[in-house]
Structure formats: C-alpha cells, structure tokens
Amino acid sequence: MESARLDQIKDALVSHGTLLGQHDSLLKGVTGTLEEMTRQMQQISAQLIEARGPPATAVSAAPASPPAALPPDSVHFKEPFVSHPEPFSGDFGSCSRFLFNCSLVFKLQPYSYASDEAKIAYTINLLRGKAAKWATALWEGGSSVLNSFETFSAQLRRVFDHPVLGQDAAKQLLALSQGGQSVASFAVDFQILAGRCGWDEAALKALFVKGLSEELKDELATRDEPDSLQELFDLAIKIDGRLRERDRERAASAPRQTPPSGHVVSTARPTLGQLTPPAPTPPATAPPADSEEPMQLGKTRLSLRERRRQRVENLCLYCGGAEHSLQSCPLLLKDRTHH
18 MESARLDQIK
28 DALVSHGTLL
38 GQHDSLLKGV
48 TGTLEEMTRQ
58 MQQISAQLIE
68 ARGPPATAVS
78 AAPASPPAAL
88 PPDSVHFKEP
98 FVSHPEPFSG
108 DFGSCSRFLF
118 NCSLVFKLQP
128 YSYASDEAKI
138 AYTINLLRGK
148 AAKWATALWE
158 GGSSVLNSFE
168 TFSAQLRRVF
178 DHPVLGQDAA
188 KQLLALSQGG
198 QSVASFAVDF
208 QILAGRCGWD
218 EAALKALFVK
228 GLSEELKDEL
238 ATRDEPDSLQ
248 ELFDLAIKID
258 GRLRERDRER
268 AASAPRQTPP
278 SGHVVSTARP
288 TLGQLTPPAP
298 TPPATAPPAD
308 SEEPMQLGKT
318 RLSLRERRRQ
328 RVENLCLYCG
338 GAEHSLQSCP
348 LLLKDRTHH
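Taken in order, the sequence shown gives residues 18 to 356; the numbers are from the numbering used here.
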C-alpha cells in the first residue's frame, strides 16, 4: 500500500518536471523572438533615418509659409477629467469663486474650450436663477458682450459680484465670535474676513483672542503669547481639541445618578452658564437663597479656574467634596432644609 503511494508521488513529480521543462523551453523561445523583433525594429529605424537625409536648405530667400494650425478636433490629446463647478444663481459674493472655477476647467481642458464662444456657452450653461435670466436676455438680444469671454466675465462681475470688502468686512470681523463652533471653524471665518480688512497682525491677534470663548481665553492666559497669528491659530485649535476630548471622556465615564423616589434628575454634565441647580419654588414672601448657588462655598464665589478644576476632577459643584454629585450633596440638602 505504501509503495503504491510512493509510486504515485514519483509519477506526479516526473509529470511536473516535464511540464516545467516545457515551460522553460517556451519562455526561451518567446525571449528569442522578442530579441529578434527588437533587432529588426532598430534596423528599420536606422533605415528611416538614412532615407530622410539632412534637412533641405532653402533655395530662395522668401521665407516658407508656416504650416496651418491644426484644429482642436485633429489633436489626439486626452485631456484630464475635471468636474463641473457648482452652478451660479446670482448670489452676491460668490461670483468670483464661480468664474475662478470655470477658468480652472478652461486651463485644464484647453482644446475643448479653445474659443471664446465655447467658454461663454459653458459658463452660461452653469448659470441658474437670476443669473440665467440675465444671460438669456443678452443672448436673445444679440448683445456684443457675448463676442468676448473677457467682456462677458467682466460684465458678469459688474452685475453680480459684490463681495464684503473694507468697512463692511471690518464690522463683521469686530462682531465675530466663536460661539458654539470649534476654534478651527471660527479661525476659517476669521481669516476670510481678515484678508479683506488689511489690518496688521498685532490687531488681528488681539481681535481673534477677543472672539474666543471664555474657557479658551483662560487657557491662553496661562501660556506664552505666540509670535505670529498662525501660531496663535494653531495653539488655540490644539487647546480646543484637548478640551473637547476631555468633555467626551467625562461624558463617557460619568456614573448614572439614581434619582430620589418621585423625582427626575438629569445626569448630563452641567456646562458653563448652566451650573445653577434647580431649586424648589420658595414662598412668595421668601427672598432668593444665596446659599443654594452652586460653585459657592462659605459665601465666597470660586474662581473660574477653581470651578473648572472641580469639573475635571468630578468633584461636587457645591461643596467641592468627592463621591457625590451636586444633586445628592449633603451640605446642599442641609442648607435647603434650614431655609
């Protein structure tokens, strides 16, 4: 039984060896054929060069007329694919960007849009709304504006391109603030308006810090002032990213609070400006109880930095103690009972 299996293995090895030998012979034949074809091509190239001979000298003083330019359709050149720009509906302030995108298409596909007529037709095809109505009126009226793309684009700018410039940009920049968006997004809006104001870098740095959230201002106050506006952008974006990451970590690790019977207590982490706990409705004659204000201990208001430290370390927002939250603070419950 064992000898039969060995015979089968030997036969298989012999068969494979035979196939490998055949493949080797075939590859050698193909290699020889390719070498012969290469040699023949070299001979043909040499014969063509000899048949051409040296360039003919001019027999007359009259210059030969240049060859006629080939039409675009006869040039066998594959132009790169370019996606179409977003259509333009006549929105004020976006005309320059639209024409810039069209010019990129014309530059990357010069054979497709070699004439002014082709450029104008392409641009009009992307117009919508009021802009399309304006172009249609020019087309139907046979306006001379359509004879040149430069004239057409200049007229399009004159009618629809009214970007925010100068004093308007300065007013918007002075009123700009971070709000609830990220510093990265705020920095983009800031740079767009700053580029239209022409202010020096020192003023822009001060204005950028002014528009940041109070939390970011406190963090920047503890660090050395960056030398340039771009370094200030980078530092603020980096700090903002870390703060947002810490917020996500706290939200993921915060334990759920068990509300007392008959009461519904939110377990969401309070944010700045929302740290005052819900207090029971006092009697009509009772004044507001100052002792129920969170982040206040011994009638002394804590600093913003101390409040942030308590939030980071998951301490009680009322007494600063550990292992309990604001809603279950024994000191707060005691003060409420006394009042």
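Cβ coordinates follow ideal geometry from the N, Cα and C atoms, glycine included.
This structure is a prediction, so every number in the text was calculated from the model and none was measured.
Under the three-state reduction of DSSP, which class applies to residue i: helix, strand or coil?
| i | result |
| --- | --- |
| residue 144 | strand |
| residue 98 | coil |
| residue 207 | helix |
| residue 225 | helix |
| residue 105 | strand |
| residue 164 | helix |
| residue 214 | coil |
| residue 323 | helix |
| residue 248 | helix |
| residue 132 | coil |
| residue 331 | coil |
| residue 347 | helix |
| residue 193 | coil |
| residue 340 | coil |
| residue 241 | coil |
| residue 293 | Bear in mind that a pLDDT of 48 at residue 293, under 50, signals an unreliable position, so the number given afterwards is only what the model happens to contain. Correct three-state label for residue 293: coil. |
| residue 198 | coil |
| residue 42 | helix |
| residue 178 | coil |
| residue 159 | coil |
| residue 230 | coil |
| residue 268 | helix |
| residue 49 | helix |
Return the chain-ordered list of same chain residues with a C-beta closer than 7 Å to the C-beta of residue i, the five sequence neighbours on each side being excluded.
| i | result |
| --- | --- |
| residue 269 | none |
| residue 137 | 163, 166, 169 |
| residue 226 | 234, 237 |
Relative to the C-alpha of residue i, which residue among the options is closest?
| i | options | result |
| --- | --- | --- |
| residue 103 | 32, 253, 145 | 145 |
| residue 249 | 57, 222, 113, 211 | 222 |
| residue 212 | 196, 332, 184, 335 | 184 |
| residue 197 | 24, 131, 261, 217 | 261 |
| residue 200 | 251, 325, 264, 37 | 251 |
| residue 254 | 157, 272, 233, 44 | 233 |
| residue 327 | 352, 267, 259, 348 | 267 |
| residue 231 | 119, 257, 219 | 257 |
| residue 174 | 187, 134, 117 | 117 |
| residue 134 | 113, 121, 151, 156 | 156 |
| residue 142 | 60, 101, 225, 37 | 101 |
| residue 215 | 227, 226, 187 | 187 |
Report the CB separation of residue i from residue j in whole angstroms; it is logged as a contact under 8 Å.
| i | j | result |
| --- | --- | --- |
| residue 125 | residue 99 | 5 Å |
| residue 193 | residue 206 | 6 Å |
| residue 195 | residue 210 | About 14 Å separates the two Cβ atoms, so there is no contact after all. |
| residue 107 | residue 147 | 4 Å |
| residue 112 | residue 105 | 7 Å |
Rounded to the nearest angstrom, what separates residue i and residue j at their Cα positions?
| i | j | result |
| --- | --- | --- |
| residue 49 | residue 96 | 39 Å |
| residue 300 | residue 203 | Its pLDDT being 48, under 50, residue 300 is placed unreliably by the model, and nothing is read from it. |
| residue 57 | residue 66 | 14 Å |
| residue 245 | residue 164 | 48 Å |
| residue 172 | residue 322 | 57 Å |
| residue 121 | residue 167 | 15 Å |
| residue 46 | residue 37 | 14 Å |
| residue 154 | residue 140 | 15 Å |
| residue 342 | residue 243 | 39 Å |
| residue 152 | residue 239 | 57 Å |
| residue 208 | residue 265 | 28 Å |
| residue 44 | residue 51 | 11 Å |
| residue 130 | residue 177 | 24 Å |
| residue 160 | residue 64 | 60 Å |
| residue 350 | residue 229 | 37 Å |
| residue 114 | residue 237 | 35 Å |
| residue 271 | residue 352 | 26 Å |
| residue 28 | residue 55 | 41 Å |
| residue 26 | residue 35 | 14 Å |
| residue 150 | residue 158 | 12 Å |
| residue 39 | residue 24 | 23 Å |
Under 7 Å, Cβ to Cβ, is there at least one residue of chain D near residue i?
| i | result |
| --- | --- |
| residue 323 | Of the protein chains in the structure, only one exists, and it is not chain D. |
Among the residues of its own chain, which have a CB less than 6 Å from the CB of residue i, if the five just before and after it don't count?
| i | result |
| --- | --- |
| residue 348 | 336 |
| residue 346 | 333, 335, 336 |
| residue 31 | none |
Using C-beta distances below 8 Å, list every residue in its chain close to residue i, excluding the 5 sequence neighbours before and after it, in chain order.
| i | result |
| --- | --- |
| residue 263 | 329 |
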